[in-house]
Amino acid sequence: MINVLVNRPNHSSTKPVYLRLPRSQLYLTGYLALFGVGLLGTTGGLYSLIKASHKSYRAMMMAVLIISFP
Numbered sequence: 028m029i030n031v032l033v034n035r036p037n038h039s040s041t042k043p044v045y046l047r048l049p050r051s052q053l054y055l056t057g058y059l060a061l062f063g064v065g066l067l068g069t070t071g072g073l074y075s076l077i078k079a080s081h082k083s084y085r086a087m088m089m090a091v092l093i094i095s096f097p
């Protein structure tokens, strides 16, 4: 009996709020693509910095050894 008052189909959308507008999927896809590219760029930059600092550390230690023991 109360189901008539409570069950009202087609009155609310089951989509998330950020996907309810017409071109929301397009905007979200573009945003996530740019976010992913930025994340990959940051990760690649950190990797190259760590790798470069490792090489410079090795070169510095070799220079110290060469200078210390003639």
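Numbering (the working numbering), first residue to last: 28 to 97.
Positions of the beta carbon are idealized from the N, C-alpha and C atoms, including for glycine.
This structure is a prediction, so every number in the text was calculated from the model and none was measured.
Per-residue DSSP class, three states only, for N30 = Locating residue 30 in the sequence shown gives position 3, counting from the first residue. Reduced to three states, the DSSP call for N30 is helix.
Return helix, strand or coil for F101, following the three-state DSSP convention.
-> This structure does not reach residue 101, given that the chain is present from 28 up to 97, and the question cannot be answered.
For Q52, collect the residues of the same chain with a Cβ closer than 8 Å to its Cβ; drop the 5 residues on either side in sequence, then sort them by chain order.
-> Your numbering for residue 52 matches position 25 in the sequence shown. Correct list, in chain order: L46.
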